[in-house]
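Right, one structure below, let's go through it.
In full-length UniProt numbering, the protein residues as written are 1 to 145.
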């Protein structure tokens with residue numbers, strides 16, 4: 001969206017982490033210069049890592065009482081879920097905000113510390129959030145089962 005008087009964009013500029021930008025540039029450069037066999041090996045490794053993630057999510061989902069799992073990226077956008085769309089969007093948005101606030105609070109108390117796990121229990125559900133640098137893993141379960 002553009003301001004008609006000034007011609008300037010009304011959107012806030014995206015905050016870009018310089019190290020992420022440099023890493024992405026380095027990664028693109030490395031991909032462009034690697035051989036075909038190196039590309040195939042990298043695909044196998046990343047495929048293996050993705051298979052490991054999928055296996056872990058399936059294993060979590062099979063635990064007694066687990067209602068669903070959601071993987072959320074750093075922007076709060078769900079990228080993997082076992083729940084319906086509206087439930088996923090609601091949980092992802094709210095828990096991303098809560099997790100960022102909890103992380104900020106932990107760092108305010110001790111700048112050398114970081115949030116490693118967040119657990120919320122209510123009468124109906126228990127929500128567990130495992131934050132990482134780039135993702136959140138959210139598991140919702142029925143605590144009475």
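Cβ atoms here follow ideal geometry from the backbone N, Cα and C, with glycine treated the same way. Everything numeric in this text was worked out from a predicted model, so none of it was measured.
Figure out for me which residue from 64, 85 and 57 has the closest Cα to the Cα of residue 144.
Mapped onto the chain shown, residue 144 falls at position 144. If we check each option's Cα against that of residue 144, 64 comes out closest.
Helix, strand or coil at residue 126 [DSSP, three-state]:
Residue 126 sits at position 126 when you count from the first residue of the chain shown. Correct three-state label for residue 126: strand.
Using only alpha-carbon positions, find the residue among 128, 74 and 94 that is nearest to residue 60.
Looking up residue 60 in the chain shown gives position 60. Of the candidates 128, 74 and 94, the one whose C-alpha sits nearest the C-alpha of residue 60 is 128.
Residue span of the alpha helix (DSSP H) that contains residue 62, given as start and end:
Here residue 62 refers to the residue found at position 62 of the chain shown. No alpha helix (DSSP H) holds residue 62; DSSP gives it neither H nor E.
Within the same chain, show all residues whose beta-carbon is closer than 6 angstroms to that of residue 88, passing over the 5 residues directly before and after it, in chain order.
As a working mapping, residue 88 is identified with position 88 in the chain shown. For residue 88, where only same-chain residues beyond five positions count, the Cβ hits under 6 angstroms are 70, 78 and 81.
Quick check on the burial criterion: 16 or more other C-beta atoms within 10 angstroms. Buried or exposed for residue 90?
Within the chain shown, numbered from 1, the residue matching residue 90 stands at position 90. Counting Cβ neighbours within 10 Å, residue 90 comes out exposed, since fewer than 16 surround it.
Could you say which of 140, 142, 141 and 136 lies nearest to residue 76 if we only look at CA atoms?
Here residue 76 refers to the residue found at position 76 when the chain shown is read from its first residue. Of 140, 142, 141 and 136, the residue nearest in Cα terms is 136.
Suppose you measure from the CA of residue 84 to the CA of residue 115; what does that come to, to the nearest Å?
Taking the chain shown and counting its residues from 1, one reaches residue 84 at position 84. Taking the chain shown and counting its residues from 1, one reaches residue 115 at position 115. Looking at the two C-alpha atoms, the distance is approximately 28 angstroms.
DSSP has residue 103 in a bridge; who is on the other side?
The count along the chain shown starts at 1 and reaches residue 103 at position 103. DSSP lists no partner for residue 103.
Rounded separation between residue 94 and residue 123 - CA only:
Sequence index remark: in the chain shown, residue 94 carries index 94 (1-based). Sequence index remark: in the chain shown, residue 123 carries index 123 (1-based). Their backbone Cα atoms lie some 19 angstroms apart in a straight line.
Cβ pair residue 103, residue 131 closer than 9 angstroms
Reading the chain shown from its first residue, position 103 is the one you call residue 103. Reading the chain shown from its first residue, position 131 is the one you call residue 131. Going by C-beta atoms, residue 103 is nearer than 9 angstroms to residue 131.
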